[in-house]
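Visitor:
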Amino acid sequence: MSAPALELDRVSKIYGAKAARPVRAVDAVSMSVAKGEIVALLGSSGCGKTSTLRMVAGFETVSEGAVRIAGREVNRVAPAKRNVAMAFEGYSLYPPLTVRENIAFALKSARLPREEVARRVAEIAHLLEIEPILDRYPASISGGQQQRASLGRALIREADLHLLDEPMGQLEPALRALLRGRIKHFVKERGLTAVLVTHDQTEANALADRIAVMEGGVLQQFASPAELKDRPANLFTGTFIGEPPMNVFQAQARAEGDALRLGLGEGVALDYPAAGFEPAVRETILKRGRVTLGVRPHAVRLDPAGAPAEVAANQWLGDQSHIAASFAGGTLVTVEHDRARLRPGDRIGVRFEPADLHVFDGETGAALSHGGRAA
Amino acid sequence: MDHASPMTRWLKGLALTLVVIFFMFPILWIVLMSFQTNETILRMPPSVVFTPTLENYQALITGKLVSSAGVLEIQFMRNLMNSVILSVCSVALSLLLGVPAAYAFARHKFRGSEDIAFTLLSFRFAPPLLVLLPLALYFQDLGLANTYIGLIWVYQLICLPLILWIVRGYFEDISPDVEHAYRLAGHSWFSTFRRIALPLAGPGIAAAGLLAFIFAWNNFVFALVLASADKQPVTVGALAFVTASGIQYGQIAAGIVLSIAPTLALALYAQRYLVEGLSLGAVKG
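Taken in order, these protein sequences are the chains called E and F.
full-length UniProt numbering applies: residue 1 is where the first sequence begins, and numbers increase by one.
full-length UniProt numbering applies: residue 1 is where the second sequence begins, and numbers increase by one.
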């Protein structure tokens, strides 16, 4: 077993360490990326994902912890010596060079034979659909084209690690969807290791084998897209991942005979028979008392016999209805795949299956159970 | 631009013509004067019709000022040479020191970097006369008075802040990621500076250098106090034209033409860089 392509060992980035209020932009992030893996750093702006990437590239010093690339600690290694390729969010093409020269630049620096450079540039250009602009200068092409050129300049290299900072933010949706597939195929086919930074969870889901969700400089969860969706480690990941976001309600848990009763606001209570939860999970939930209940909009069932709710809005998005309803003193969003004939003011009943329930600690937000099983 | 109506275009042309006349007329007038004798210059009413003469230029180049009172030795050509030496060397030294410094100030924020940069700029605020007298005394003691090295040193007060601050702005305009991309491709920071930052800031450096050259060329007080006859630049040397027998307008005009020629030629030649430099923001990638 060879060393991981990238290993972060309790890496922190502290800005203004000597100032009155140092900012921990990245706080003790640990993760390991296997060779050939695609990992996405996902989070809202300012969550520390780009700082993390820049520490890996070597443009930011590592305040604490260690960054290891292919088993070698690189904290004090110059960017040039890390064998890392990067596509920058701001494209950063060399203005005096054409797109072709920009893409070929690193290969020419490495003194590869001219025919091979030409062949690989042609291949990348075809992949990224930038053949017609190869001989144009960066200033004369659109943002999306510059972004693809920048992406090409990174992907053409055979580096230990490919870092992609918001690689497709400027592209049109159709092109983005097409390129996602192609880039993933390209990276996998060549066995490259890629770490991409994005705030777009669709992009992260489509491209990455594993996603590292970050918030406030802290790594919240590092798992496969499916696991992030089914088993969020905490309330943040639960509500951050998924579109529309997970419905969240504060609940008071107590035992009602064998059943577990979750009391929501405004007198709404949900009863779950003992079979719905593992005994240990049921214990934990009862012990906590105050919990946060999460239900994904897709998992909300409309059932006239269920808990009462009142429709507040109904939007048809062309392929699904998003229905917002007032429920237990809060708002509940549910997704229906048929065009629901509901109007504001209509009374409906909703039901959550135990298998669809996520229960989080009411105080810390840590996940207690998913679908009745321990988190 | 192409959508402007004929009227707008006509008015624009008129405005441009007026501006050109306003700025070019003095130069034209000086050039005309330089080919006239003192008598034709001073006649009333003035006229543009005259028989051109080269005797003004001849007097300057041979160094013999012939006036009604006799022949006066002047060292105009030597002064011109001094101006060239002082300006070129000062700007060269400033570029050598200022461009890397500007890069450092633009890219590396270290403790006190703003203060140092500002201190350098503040050299431009201080009235030159305030520092000149103490400086003259020090220079006497150090043996720097009336030497090219001493003058070039003092001229850094003019050139260095100018170059530092203008070039710094250009470096700051270059996205650091362009350099990062280059460094990731396996290059050291020095080769990044040389191959990426310098060429991209090239028009700015040219513009700053040119501006510094003009300021250095036009300087008067430093040389007046710190240099004696054989090291004086044209600005100070021109005082020689105010003679006992009157002011030699023809020779002054010729002297001015000769002394503005280098800066004018340089400005015309570097025009492209100046324009490119000023519009850098509009085209940078």
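A virtual CB, placed ideally from N, CA and C, is assigned to each residue, including glycine.
Remember, it's a predicted structure, so these values are computed and weren't measured experimentally.
Looking at C-alpha atoms only, which residue of Ala174/E, Leu42/E, Gly36/E, Leu293/E is the closest neighbour of phenylalanine 360/E?
Guide: Out of Ala174/E, Leu42/E, Gly36/E, Leu293/E, Leu293/E has the C-alpha closest to the C-alpha of phenylalanine 360/E.
Visitor: Buried or exposed: which applies to alanine 149/E, given that a residue is buried once 16 or more other Cβ atoms fall within 10 Å of its Cβ?
Guide: Flag for alanine 149/E reads buried.
Visitor: Let's test the definition: count the other Cβ atoms within 10 Å of the Cβ of methionine 86/E and tell me whether it reaches 16, buried, or not, exposed.
Guide: Buried.
Visitor: How big is the Cα-Cα spacing for glycine 365/E and phenylalanine 236/E?
Guide: If I take the Cα positions, the gap works out to 8 Å.
Visitor: May I ask you to list, following chain order, the residues of the stretch 50-75 of chain E that have a beta carbon less than 7 Å from some beta carbon of chain F?
Guide: Taking 7 Å as the Cβ-Cβ cut-off against chain F, the residues of the stretch 50-75 of chain E that qualify are Ala57, Phe59.
Visitor: Taking methionine 214/E as the reference, which of Ala3/E, Ser12/E, Ala5/E, Pro4/E has the closest Cα?
Guide: Among Ala3/E, Ser12/E, Ala5/E, Pro4/E, the Cα nearest to that of methionine 214/E is on Ser12/E.
Visitor: Residues of chain E with CB under 8 Å from proline 203/F, in chain order?
Guide: Correct list: empty, because the minimum Cβ distance to chain E is about 12 Å.
Visitor: Based on DSSP bridge pairs, tell me the residues matched to proline 359/E.
Guide: Contrary to the premise, residue 359/E reads as valine rather than proline in this sequence. DSSP lists Leu293/E, Ser369/E as partners of valine 359/E.
Visitor: What three-state label does DSSP hand alanine 108/F in the structure shown?
Guide: Note on identity: in this sequence residue 108/F is histidine, with alanine being the wrong assignment. The answer is coil: DSSP assigns histidine 108/F none of H, G, I, E or B.
Visitor: Given this structure, state the Cα-to-Cα distance separating glutamine 145/E from leucine 107/E, to the nearest angstrom.
Guide: Going by the C-alpha atoms only, they are around 21 Å apart.
Visitor: Cα-Cα, which of Ala177/E, Phe327/E, Arg114/E, Ala110/E is closest to alanine 159/E?
Guide: The residue with the shortest Cα to Cα distance from alanine 159/E is Ala110/E.
Visitor: Quick check on the DSSP output: the beta strand (DSSP E) that includes valine 197/E runs from which residue to which?
Guide: Looking at the DSSP string, the run of the beta strand (DSSP E) that includes valine 197/E is 194-198.
Visitor: Alpha carbon to alpha carbon, how far is valine 291/E from isoleucine 38/E?
Guide: When rounded, the distance between both Cα atoms is 35 Å.
Visitor: For the alpha helix (DSSP H) that proline 134/F lies in, which residues bound it at each end?
Guide: It spans 128-142 - the alpha helix (DSSP H) in which proline 134/F sits, taken as one unbroken run.
Visitor: Only counting the same chain, and skipping five residues up and downstream in sequence, which positions put a Cβ closer than 6 Å to that of valine 234/F?
Guide: Within the same chain, valine 234/F has close Cβ partners Asn79, Leu80, Ser83, Ser259.
Visitor: Within 10 Å of its beta-carbon, does isoleucine 149/F have 16 or more other beta-carbons around it, so buried, or fewer, so exposed?
Guide: So isoleucine 149/F counts as exposed.
Visitor: Residues in its own chain within less than 6 Å of glutamine 170/E by CB, not counting five upstream and five downstream?
Guide: Around glutamine 170/E: Gly143, Gly144, Gln147.
Visitor: Excluding the 5 residues flanking threonine 284/E on each side, which residues of the same chain have their C-beta closer than 7 Å to its C-beta?
Guide: Answer for threonine 284/E: Leu368, listed in chain order.
Visitor: In angstroms with no decimal places, state the Cα-to-Cα distance between aspartate 27/E and glycine 16/E.
Guide: Taking the straight line joining both Cα atoms gives about 14 Å.
Visitor: Would you mind sorting tyrosine 155/F into buried or exposed? The rule is 16 or more other CB atoms within 10 Å of its CB.
Guide: By the neighbour-count rule (16 or more Cβ atoms within 10 Å), tyrosine 155/F is buried.
Visitor: Quick check on tyrosine 272/E: does DSSP put it in helix, strand or coil?
Guide: Residue state, collapsed to three classes: strand.
Visitor: For valine 67/E, which residues from the same chain have a beta carbon less than 8 Å from its beta carbon, with the 5 sequence-adjacent residues on both sides left out?
Guide: The residues are Leu6, Glu7, Leu8, Asp9, Val11, Met55, Val56, Glu73, Val74, Asn75.
Visitor: State yes or no: is the beta carbon of isoleucine 61/F nearer than 9 Å to at least one beta carbon in chain E?
Guide: So no, isoleucine 61/F is outside the interface.
Visitor: Is it buried or exposed, valine 20/F, if we count other Cβ atoms within 10 angstroms and call 16 or more buried?
Guide: With fewer than 16 other Cβ atoms within 10 Å, it is exposed.
Visitor: Tell me alanine 41/E's beta-bridge partners as DSSP assigns them.
Guide: The sequence shown places leucine at residue 41/E, rather than the alanine named in the question. The partner list for leucine 41/E (beta bridge, DSSP) reads Val197/E, Ala212/E.
Visitor: With a 10 Å radius around its C-beta and 16 neighbouring C-beta atoms as the bar for buried, classify threonine 202/E as buried or exposed.
Guide: Counting Cβ neighbours within 10 Å, threonine 202/E comes out exposed, since fewer than 16 surround it.
Visitor: Among Arg182/E, Val77/E, Leu112/E, which residue has its Cα nearest to the Cα of histidine 126/E?
Guide: Answer by Cα proximity: Arg182/E.
Visitor: Could you give the DSSP three-state label for glycine 285/F: helix, strand or coil?
Guide: Any answer about glycine 285/F is weak, because its pLDDT of 37 lies below 50 and its placement is not dependable; what the coordinates show is given next. It is coil, neither helix nor strand.
Visitor: Counting along the chain, where does the beta strand (DSSP E) carrying alanine 324/E start and finish?
Guide: Element bounds for alanine 324/E: 321-327.
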